[in-house]
Amino acid sequence: MAASIPIASFGNNSQVAQDIRTKLQPEYDVVHICLTLEAALAELPLIFSGTIDTNPSSKLGSNAETAVADRKVPLALIFGGGLPEDHIKAVKEAVLAKAPNAKPIVITRQDIFDAGGKGPDPELICRLLREKLAASEL
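Just so you know, we're using the UniProt record's numbering here: the sequence shown kicks off at 1 and counts up by one.
Next up, the structure:
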């Protein structure tokens with residue numbers, strides 16, 4: 001079996017983030033999860049640029065549970081549907097400034113509603129994420 005593709009996540013709901021992390025396995029490994037704008041701006045550009053000793057302030061993601069030597073640099077960044085557009089823009093710009101090949105993947109609340117969801121549905125969100133991640137050619 002191929003190795004999991006490492007990705008990072010920025011959203012504001014820790015339970016949804018953990019559910020999505022579990023449901024994306026084994027194809028994708030959510031290595032770093034940020035839950036606030038401040039954490040995302042401080043941590044994500046570092047980890048995407050290869051500073052793997054950056055610990056997630058959320059204490060969530062596989063890198064939080066892994067020795068520094070075994071941590072992974074994410075290739076894509078997924079954004080939660082409840083984030084304001086200006087937060088997404090700021091974090092996307094900060095990450096791409098340090099790692100121009102990173103793939104930002106945004107699932108909006110409208111995407112969820114358009115797919116028949118009524119709220120934060122991890123199963124539906126994971127289906128949409130898998131589609132967008134596959135299209136990003138990681």
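C-beta: ideal position from N, C-alpha, C; glycine also.
Alpha carbon to alpha carbon, what distance is there between residue j and residue i?
i, j, result
"K132", "N13", "21 Å"
"D86", "L96", "15 Å"
"P56", "E38", "12 Å"
"T54", "D114", "36 Å"
"L46", "G61", "15 Å"
"Q25", "P100", "25 Å"
"A42", "G116", "35 Å"
"I88", "F48", "16 Å"
"D19", "Y28", "13 Å"
Which residues share a DSSP beta bridge with residue i?
i, result
"C34", "F10"
"I5", "Y28"
Helix or strand or just coil, what does DSSP make of residue i?
i, result
"P56", "coil"
Does the beta-carbon of residue i, which I'm using as the reference point, lie nearer than 6 Å to any heavy atom of the ligand ATP?
i, result
"V106", "Looking at this structure, you won't find the ligand ATP or any other ligand, since it has none at all."
Taking residue i and residue j to be in contact with their CB atoms under 8 Å, please state how far apart those CB atoms are, rounded to whole angstroms.
i, j, result
"K103", "A76", "4 Å"
"I52", "V73", "6 Å"
Practice task
Write down every uninterrupted run of the alpha helix (DSSP H) in the segment 41-125 whose length is 4 residues or greater and which is fully enclosed by it, in chain order.
Solution key: 85-98, 109-114
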